[in-house]
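In order, the protein sequences belong to chains A and B.
Each residue of the first sequence is one higher than the one before, counting from 0 in numbering that gives the first Met the number 0.
Each residue of the second sequence is one higher than the one before, counting from 0 in numbering that gives the first Met the number 0.
For each residue, glycine too, the CB sits at the ideal point set by N, CA and C.
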Amino acid sequence: MTVQTEPDQRRPEVAELEHAWHERPSLRTWLSTVDHKRIGRRYMVTAGVFFAIAGVDAIIMRTQLSRPNNGLVTPEEFNQLFTMHGTAMIFLFATPMFFGFGNFLVPLMVGARDMAFPRLNAFGYWVFLGAGSVMFISQFAGAAPDGGWFAYVPLTDRPYSPGRNLDVYALGLLFLGVSTTIGAINFIVTALKMRAPGMSLNRVPLFVWAMVGTSFMVVFALPALNLANAMLFLDRRFGTHFFDPTHGGNSLLWQHLFWVFGHPDVYIIVMPALGIVSSVLPGFCRRGVAAYPLMVLALVTIAIISFGVWVHHMFATGLPFLSYSFFSAASTLITIPSGIQIFAWLATMLRGRIIAGVPFLFAVGFIVNFVLGGFTGVMFAMTVFDQQVTDSYFVVAHFHYVLFGGAVFPLLAGVYYWLPKFTGRMFHNGLGKWAFWLVFIGFNTTFFPMHVSGLLGMPRRVYTYPTGLGWDPWNLLATIGAYVLALGLILVATGVVQAIRRGPAAPDDPWGADTLEWATSSPPRPYNFAVIPQVHSLHPVWDERSREAMATGDVLAGHRAVLTSELDGDREGPVEMPESSLLPFAAALGLLFVVLGLLWGQYWLAVLAAFAVFITLARWLWPPHRTPEEAGVAREGRAP
Amino acid sequence: MTASPPPPGTLRQATRADALATEMPVGRTRGWWGMVFLIATEATVFALLLGSYFYLRFQSGRHWPPPGIEKPELTKAIIMTILLLPSSLPVVWAERGIRRGQPWRLRLGLSLTLIQGLLFLSVQASEYATNLKKFTITTDVYGSLFYATTGFHGFHVTIGLVMVAWLLAASLRGSFGARHHDRVTIVALYWHFVDIVWAFIFMSLYLSPRL
């Protein structure tokens, strides 16, 4: 299926457009670019590097646990390993990786030329890079967080955790929170205002809905984590008593705040992955995802119910039983919208004509693993069962099925699916299939045995264990699986590098898929679409009228994009888009010094740097000079 | 469906299916939406902070504030409320002025707000000076909550004032008029937010311990 949707490159309007959006390659433009595609690729590469480092942490842990009484690492090192593995995978890999996908894809899918706030987008990336670097460098300095990824007080409070480790955790996550919050707001506003004319809310691709749902959860959930970390830092550094029961504080407050964030965060991570699956299936089943309105409703419902289930992480803390019943019911309820999605995907496959490409394999692998993770999830929603296996390896098995099975499998499907669009190159199919089977078998060999060792009583986070408890074979099996899994992931990385270096050039639409990113070149030009698409259906690339509108429409000239109305996507008019700028980088650098000043206790540095950030922001947002006529100032006695 | 359309301006006309299904163009800008969501996330922080206040208060035993600390002094807090709550009015007046292309109203309104905000902060400083002699942030959890909550709000007032001052400076240079006033609308939104949050803090931290 070849579609001619791009107007001829030689047309003078397009040449003028190329000129208006061109960035000369140099260090300066590298630092100052606001192109959502470059920023998106950076997010993905950086998050990929963090994934690799946190994966090495995991391999070291699995090696240590391969046999009883092993002495590869000390208990202190092991504490840092599992804390950094969890913290990095959740905060520095999963969310930023999906934000990278969203950054690249959301503007393309809605037919826009960039995000709503391109400079803020660049700022978000630099802040993420700074926060991630601070946290990982602390690991090499031996001062990495070591209180578990959820950092429960009182263990993490001053008397029990002296040293800088937990200060790195609190400040690093606060710093990162800036990036995540503004990224989320950017996605919401992009989806509200930047959609192509005609893309009313019932024609928005499911991936965009998923990113918007995630972003809404970030806006309302992340404050809880930020507040908890601010209180922890104040407790540790300035002697406040929020979590200190001897002075009227309460250590359960930490758990409440953490999980008020932490449970929505599971969906913050998984929801974009669900969106990826919904994007991949149409191309490989040759039809749209079944029950689109129900799919959208399911995403919105999950985003709302996810705020009402946090206490199921606290079933063993001795809260009143009535609250357990409520949260147990809510946790069971959330399986309904998740189930709707699973059945809609199955129906899509059942009613479609399947082409088993590599992205499709990963999508099916996701469904298998995610259902298993969901199954143990329902078990955990039952208070009595939860109290038996909490903090055992059964939990470790469960959340790896949900997070690796539910988020990383779709992510890999997405990597293969959009690699042609990201890089303009095709990947090697055979290598991809090998990678899939190694990852699938390795994953299940690693994590399935943990169900068993958990039921046999093995607690999580132990650095070693004595022999004779029946845990030895399951641990050895898990370690072997971990190496197979690592090999599979290395094959994925090899496939990506091979495609970039030697892969054949990708066509614009290699899968014959339905969404707008396939209606532009691979990789897209800096302005994305010469002609702003006019959308007539949910599947614009499959729809004759939308295609024809793109092929014959007028080129929108200049460094401009089109704004549309929030609900119906009615055209409101073109707006000038911001030029590239060094200010976002400068502001992020300033913020980095605020964090370092606080971390080292050099408060003068923090204050000075905060002042520099304010100056940069004031400069950034300073309005352009206008004559009274331009601004619309009233003359004496008459309206402008 | 051949019935004649109901007369315009009636309830029946406004609730017809096509009227309900049609989006009225309002022309919200990207900046406006961005500020709305920033306020949403910040309001959540304040809600959680006040939630933590009540959680710790009701978990900590019968006496609140804990023995040794007297109930919060109301006089200065009432003065602060009287200063801050009406400070949104000059902003509204200024914003309406610039919509009509009258920069003098913008400048005058913003200056009034700036003065009210600065007065609020100075009364808060004097309140802190008195209170710090009695209890500090490290005395017990009441002190931690009191200073963290009011301090965090004071920080927001400061940020709001910086924004108002910045806007005032930009308006003196003549960038705003009937056609260009996005930044005025956005700063006004933020200031209203900072203002309204104080009402909740006043009721929770100052009034509720006296109930």
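Between M198 of chain A and R15 of chain B, what straight-line distance do the alpha-carbon atoms span, to the nearest angstrom? Rounded to the nearest angstrom, the gap between the Cα atoms of M198 of chain A and R15 of chain B is 24 Å.
With a threshold of 6 Å on Cβ separation, who are the neighbours of S207 of chain B within its own chain once the five nearest residues in sequence on each side are excluded? Apart from the 5 residues on each side of it in sequence, S207 of chain B has no Cβ closer than 6 Å to any other Cβ in its chain.
Can you list, in chain order, the residues of its chain whose CB lies under 6 Å from that of V152 of chain A, leaving out five sequence neighbours each side? If you ignore the 5 residues before and after V152 of chain A, its C-beta comes within less than 6 Å of the C-beta of F242, S250, W253, all in its own chain and listed in chain order.
Can you grab the Cα-Cα spacing for the pair P465 of chain A / A481 of chain A, in whole Å? CA-to-CA, the gap between P465 of chain A and A481 of chain A works out to about 21 Å.
Are three or more beta carbon pairs between the stretch 437 to 455 of chain A and the stretch 27 to 38 of chain A nearer than 8 Å? Too few Cβ pairs lie closer than 8 Å, so no.
Compute the Euclidean distance between the alpha carbons of L191 of chain A and R66 of chain A, then round it to the nearest angstrom. C-alpha separation (whole angstroms): 54 Å.
Any C-beta of chain A under 8 Å from that of L113 of chain B: For L113 of chain B, no CB of chain A lies under 8 Å from its own CB, so it is not counted at the interface with that chain.
Contacts of A223 of chain A in chain B (Cβ-Cβ under 9 Å): Residues of chain B passing the Cβ test: T43, V44, L47.
Can you tell me whether T155 of chain A is helix, strand or coil according to DSSP? In the three-state DSSP reduction, T155 of chain A falls in the coil class, being neither helix nor strand.
Taking buried to mean at least 16 other C-beta atoms within 10 Å of its own C-beta, is S324 of chain A buried or exposed? Under this definition S324 of chain A is an exposed residue.
Per DSSP, what are the beta-bridge partners of R559 of chain A in this structure? DSSP lists A:E575 as partners of R559 of chain A.
Near F175 of chain B, which residues of its chain fall below 8 Å by C-beta distance, leaving aside the five closest residues on each side in sequence? When the five nearest sequence neighbours on each side are left out, the beta carbons in the same chain lying within less than 8 Å of the beta carbon of F175 of chain B are those of I97, P102, L105, A169, R182, V183, in order along the chain.
Label D17 of chain B either buried or exposed according to how many other C-beta atoms from any shown protein chain fall within 10 Å of its C-beta, with 16 as the threshold for buried. By the neighbour-count criterion, in which 16 or more other beta carbons inside 10 Å mark a residue as buried, D17 of chain B falls on the exposed side.
If you drop the 5 nearest sequence neighbours on each side, which residues of the same chain put their C-beta closer than 7 Å to that of S86 of chain B? T112, Q115, G116, D194.
Leaving out the 5 sequence neighbours to the left and right, which residues in its chain are closer than 7 Å to T445 of chain A when beta-carbon positions are compared? Apart from the 5 residues on each side of it in sequence, T445 of chain A sits with its Cβ closer than 7 Å to the Cβ of A477, G480, A481, L484 in its chain, given in chain order.
Taking only beta-carbon atoms, is W165 of chain B less than 8 Å away from chain A? At least one CB atom of chain A sits nearer than 8 Å to the CB of W165 of chain B.
Proximal residues of chain B, C-beta to C-beta of T180 of chain A below 7 Å: Residues of chain B whose Cβ lies closer than 7 Å to the Cβ of T180 of chain A are, in chain order, T40.
Please list, in chain order, all residues of the same chain as L318 of chain A whose beta carbon is under 7 Å from its beta carbon, the five residues on each side excluded. For L318 of chain A, where only same-chain residues beyond five positions count, the Cβ hits under 7 Å are V310.
The alpha helix (DSSP H) with N249 of chain A in it runs from where to where? It is not in any alpha helix (DSSP H) - N249 of chain A carries neither H nor E in the DSSP assignment.
Which of the residues in the stretch 610 to 624 of chain A, read from start to end, lie with their CB under 8 Å from any CB of chain B? Only F613, A617, L620, W621, P622, P623, H624 from the stretch 610 to 624 of chain A bring a Cβ to less than 8 Å from some Cβ of chain B.
If we require 4 or more residues per run, which alpha helix (DSSP H) segments fall completely within the stretch 317 to 374 of chain A? Complete alpha helix (DSSP H) runs here, min 4: 320 to 332, 334 to 350.
Going by the CB atoms, is the gap between N120 of chain A and P144 of chain A shorter than 8 Å? In this structure, the beta-carbon distance from P144 of chain A to N120 of chain A does not fall below 8 Å.
Beta-bridge partners of R424 of chain A, as assigned by DSSP: According to DSSP, R424 of chain A bridges with A:A504.
Mind listing, in chain order, the continuous alpha helix (DSSP H) runs of no fewer than 4 residues lying wholly within the stretch 64 to 101 of chain A? 74 to 86, all fully within the stretch 64 to 101 of chain A.
For A111 of chain A, report the span of its alpha helix (DSSP H) as first-last. For A111 of chain A, there is no enclosing alpha helix (DSSP H), as DSSP marks it with neither H nor E.
Contact check, V540 of chain A vs Y416 of chain A under 8 Å by CB: the rounded distance? Taking C-beta atoms under 8 Å as the contact rule, V540 of chain A and Y416 of chain A fail to qualify, at a distance of about 15 Å.
In its own chain, which residues sit with a C-beta less than 7 Å from the C-beta of T1 of chain A, not counting the 5 before and 5 after it? Reliability fails at T1 of chain A, whose pLDDT of 43 lies under 50, so the model's placement of it is uncertain and the value that follows must be treated cautiously. None.
Return the CA-CA distance between F139 of chain A and G494 of chain A, expressed in angstroms with no decimal places. If you take the alpha carbons of F139 of chain A and G494 of chain A, they lie about 29 Å apart.
Is it right to say M202 of chain B is buried, meaning 16 or more other beta carbons lie within 10 angstroms of its own, or is it exposed? Answer is exposed; the Cβ neighbour count stays below 16.
Measuring CA to CA, which of A:T239, A:H262, A:D166, A:P292 is closest to V203 of chain A? Taking V203 of chain A as reference, the option from A:T239, A:H262, A:D166, A:P292 with the minimal CA-CA separation is A:P292.
Quick one: is Y526 of chain A buried, meaning 16 or more other Cβ sit within 10 Å of its Cβ, or exposed? A residue is called buried when at least 16 other Cβ atoms come within 10 angstroms of its Cβ; Y526 of chain A meets this threshold and is buried.
At a cut of 8 Å, does the stretch 45 to 62 of chain A reach the stretch 575 to 594 of chain A through at least three beta carbon pairs? In this structure the stretch 45 to 62 of chain A does not touch the stretch 575 to 594 of chain A; the number of beta carbon pairs closer than 8 Å is below three.
G356 of chain A to G364 of chain A span [Cα, whole Å]: One C-alpha to the other measures close to 12 Å.
Where does E628 of chain A fall in DSSP's three states? Helix.
Given a cut-off of 8 Å, decide if L118 of chain B and L82 of chain B are closer than it, judged by their beta-carbon atoms. The Cβ-Cβ distance between L82 of chain B and L118 of chain B falls below 8 Å.
Considering only C-alpha positions, which residue in the set A:A512, A:M210, A:N225, A:L581 is nearest to R286 of chain A? The residue with the shortest Cα to Cα distance from R286 of chain A is A:A512.
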